[in-house]
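What follows is a single structure, written as structure tokens, with notes after it.
There are 2 protein chains.
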Amino acid sequence: MCHSHDPSHPGSSCCSPPSGRMQGFIQPWLLLLLSEKPAHGYQLTEKLNQNEDTKGIDPGFLYRTLRQFEEDGLVKSSWDTKGAGPARRVYEMTADGVEYLHAWVKHIRTTRERLGRFLKTYSLRFNQSDSK
Amino acid sequence: MCHSHDPSHPGSSCCSPPSGRMQGFIQPWLLLLLSEKPAHGYQLTEKLNQNEDTKGIDPGFLYRTLRQFEEDGLVKSSWDTKGAGPARRVYEMTADGVEYLHAWVKHIRTTRERLGRFLKTYSLRFNQSDSK
DNA sequence: GTTTATTATATGTTTTAATCATATAGATGT
DNA sequence: ACATCTATATGATTAAAACATATAATAAAC
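In the order they appear, the protein sequences are chains A and B.
Whatever position you read off the first sequence (first residue = 1), add 29 for the working numbering.
Whatever position you read off the second sequence (first residue = 1), add 29 for the working numbering.
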């Protein structure tokens with residue numbers, strides 16, 4: 030748990046805000062990357078690590094997410110044994126996967142609007158000016 | 030779990046997008062409401078239920094969150110036995126709580142920007158026009 | 001005046017997502 | 001032969017949130 034009740038830091042507490050990631054944010058990025066072209070897990074890790082917003086992904090999470098996508102019919106996989114190094118499981122998007130990505134984007138848009146409404150209410154309370 | 034592998038719905042799957050809430054979104058609303066004026070849990074529930082973005086809160090979650098806030102020094106509480114009905118535990122914000130709200134807002138702004146960057150990348154991929 | 005509904009707070013249990021830790025193994029360089 | 005890099009995978013734990021239910025005082029209805 031959090032419960033960092035360090036009496037020497039009376040201002041510190043828990044409950045998540047100055048922390049990192051948000052729920053279900055990696056998944057749409059994965060689908061978006063896969064919608065561009067098929068890729069295997071390691072490649073996807075590297076691409077995610079190039080993006081400040083998605084870097085540092087846990088490999089366990091990545092591979093499990095990809096298998097879950099496959100179980101859900103969003104992608105399909107096949108082994109690529111050609112080329113150097115160990116075999117790679119290459120994931121390719123399905124039509125359902127693209128559809129699902131679009132659904133996810135709708136959800137992200139509404140989430141973004143929701144955050145905007147919160148920030149607007151906050152601004153009205155604390156920066157009585159600043160209508161943007 | 031999700032795993033709704035209903036073969037009659039080949040397009041349905043899980044992994045959260047067309048669902049509801051997002052992590053840690055109620056907490057800042059609670060702090061914002063309390064920053065306006067002290068209130069007790071039931072009042073806060075009613076206010077949250079008036080807002081499309083926050084309605085339907087689970088009372089268990091609400092009361093536990095408020096106690097957690099108090100443990101973390103973000104609010105302090107006292108019983109109000111005056112007036113009708115059962116006693117109410119009234120929560121009042123502390124200076125640390127206000128500070129924490131501001132920290133949360135910073136986090137929400139960066140989250141919002143992150144979502145914006147995702148949507149922009151998505152747009153470049155799918156709506157080759159639309160630069161906004 | 002006993003029952004029912006409303007106001008109000010609280011806690012035990014379960015589920016779910018995500019993280020942490022670790023295992024496996026082929027290929028390549030030294 | 002040994003270490004490193006590429007690549008995938010799984011077991012275990014944690015943390016947030018949801019689900020279910022308990023308690024109790026007051027107010028209204030019958």
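Glycine included, C-beta positions come from ideal geometry on N, C-alpha and C.
Bear in mind the structure is a predicted one, so any value in this text is a computation, not a measurement.
6 Å CB neighbourhood of residue i in its chain, flanking five on each side removed
| i | result |
| --- | --- |
| residue 116 of chain A | 108 and 110 |
| residue 133 of chain B | 57 |
| residue 106 of chain B | 99, 118 and 120 |
| residue 163 of chain A | The requested residue 163 of chain A does not occur in the structure, where chain A is confined to residues 30 to 161. |
Exposure of residue i, with buried meaning 16 or more beta-carbon neighbours within 10 Å
| i | result |
| --- | --- |
| residue 138 of chain B | exposed |
| residue 143 of chain B | buried |
| residue 68 of chain A | buried |
| residue 87 of chain B | exposed |
| residue 114 of chain A | exposed |
| residue 85 of chain A | exposed |
| residue 126 of chain A | buried |
Cβ neighbours of residue i in the same chain (closer than 7 Å, five flanking residues each side left out)
| i | result |
| --- | --- |
| residue 148 of chain A | none |
| residue 73 of chain B | 59, 62 and 91 |
| residue 83 of chain A | 55, 58 and 77 |
| residue 130 of chain B | 57, 60, 61 and 64 |
| residue 141 of chain B | none |
Chain-order list of residues whose beta-carbon lies under 8 Å from that of residue i (same chain, five-residue window excluded)
| i | result |
| --- | --- |
| residue 71 of chain A | 117 |
| residue 102 of chain A | 123, 125 and 126 |
| residue 81 of chain A | none |
| residue 40 of chain B | Residue placement at residue 40 of chain B is flagged as unreliable, the pLDDT there being 34, under the threshold of 50; the coordinate-derived value follows with that caveat. If we look at residue 40 of chain B and ignore the five residues flanking it on each side, it has no Cβ neighbours. |
Residue i beta carbon near the ligand GDP (any heavy atom closer than 7 Å)
| i | result |
| --- | --- |
| residue 56 of chain A | The ligand GDP is absent from the structure shown, which contains no ligand whatsoever. |
Residue ranges of each beta strand (DSSP E) within the stretch 98-149 of chain B, 3 or longer: Complete beta strand (DSSP E) runs here, min 3: 104-109 and 117-122.
Segment contact flag, the stretch 77-91 of chain A with the stretch 54-61 of chain A, C-beta cutoff 8 Å, min 3 pairs: Cβ pair count under 8 Å is three or more, so yes.
The stretch 148-157 of chain B in contact with the stretch 71-78 of chain B per 3-pair CB rule at 8 Å: Between the stretch 148-157 of chain B and the stretch 71-78 of chain B, the count of C-beta pairs closer than 8 Å stays below three; the two stretches do not touch.
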